Amino acid sequence: MSRTLYDQTLALAGVFQAARLVQQTAHGIPMDPRALETSIRSLFVTVPDTTLDVYGGDLANLHTGLETLASVMSEQSRQQDIDILRYALNLAHLESKLRSRSDLLDVIGNRIEQARHTASHFGHSHPNLLANLASIYTDTISTFRLRIQVTGNPDILQRDENAEKIRALLLAGIRSAVLWRQCGGRRWQLVLARRKVIHTARELARRARHGHPGHPHD
């Protein structure tokens, strides 16, 4: 397994983890608090030494994303998988739009820096921080023509705290999409290199389950 494929798969798992958590929030499905914490925390890791450092340096933090990536890429028949795939592809598309908007990138970067105090004071899954991050998403990403339509239980989606959690997670998903592109990831690979991605995600998910923290060659 090449280092690049390893890094790309980690970052892509970050995208799919955020997408899975959005889907779970929208349907009122209980989620892994560690996965939520990891996704939100990734927004504040701006100068990582390695790709895995963005996710706390431990494969187990990405277990939800690795399992989701492997299952969604290999079997797209279930409605929940179709929704997750749609969210992930839309996040990658929004990242490509955002790349040409240095003004919005500056706003996002500055406001995430301002949110660090809230994160350190309350923790990364606190409603105050999620509301803060949601407002960043609304003021920047939501200005694009493409809007991610989240489907789920209308009663759940209408509650402010759920809407804010979803927007914060979408922002985290875009952060992982940025990382994926920085690692050399391209959308055509999801079609042409799909089997390699699935194999790598499965192997890394297995390592995450068995408590191996780092690189496959460790």
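195 is the number that our numbering gives to position 185 of the sequence shown; each next residue is one higher, with no gaps.
Cβ atoms here follow ideal geometry from the backbone N, Cα and C, with glycine treated the same way.
Computed from a prediction, not measured in an experiment: that's the story for all the values here.
Is it true that the CB of A23 sits closer than 8 Å to the CB of L79?
yes
My parser needs the alpha helix (DSSP H) runs of 4 or more residues fully inside the stretch 149-208; what are they?
Taking only runs of at least 4 residues, the alpha helix (DSSP H) segments lying wholly in the stretch 149-208 are 164-167, 170-192, 199-202.
Close-in-space but distant-in-sequence residues of the same chain around L14 (CB under 7 Å, 5 per side omitted)
At residue 14 the sequence reads Thr, which differs from the Leu that was named. Excluding positions up to five away in sequence, the list reads C193, G194.
Please tell me whether L46 and S135 are closer than 8 Å, where the distance is taken between their beta carbons.
Yes. Within cutoff.
Mark V57 as exposed unless 16 or more other C-beta atoms lie within 10 angstroms of its C-beta, in which case mark it buried.
exposed
What is the DSSP secondary structure of R30, reduced to helix, strand or coil?
In the three-state scheme derived from DSSP, where H, G and I count as helix and E and B as strand, R30 is classed as helix.
Reduced DSSP secondary structure (H/G/I, E/B, other) of S145
It is helical.
Measure the alpha-carbon distance for W215 versus V82 and round it to whole angstroms.
The question names Trp, but residue 215 is Ala in the sequence shown. Each residue's alpha carbon lies about 14 Å from the other.
How should G75 be labelled, buried or exposed, when 16 other C-beta atoms within 10 angstroms of its C-beta is the threshold for buried?
buried
Tell me where the alpha helix (DSSP H) around M110 begins and ends.
Reading off the sequence shown, one finds Ser at residue 110, where the question assumed Met. Neither: S110 is in no alpha helix (DSSP H) and is coded neither H nor E.
Helix, strand or coil for H103, going by three-state DSSP, please let me know.
helix
Going by CA-CA distance only, name the one from G38, L69, T48, S84 that's closest to A203.
S84
N120 classed as buried or exposed, judged by whether at least 16 other C-beta atoms fall within 10 angstroms:
exposed
Backbone CA spacing between D91 and Q159 [nearest angstrom]
Approximately 15 Å between the Cα atoms of the pair.
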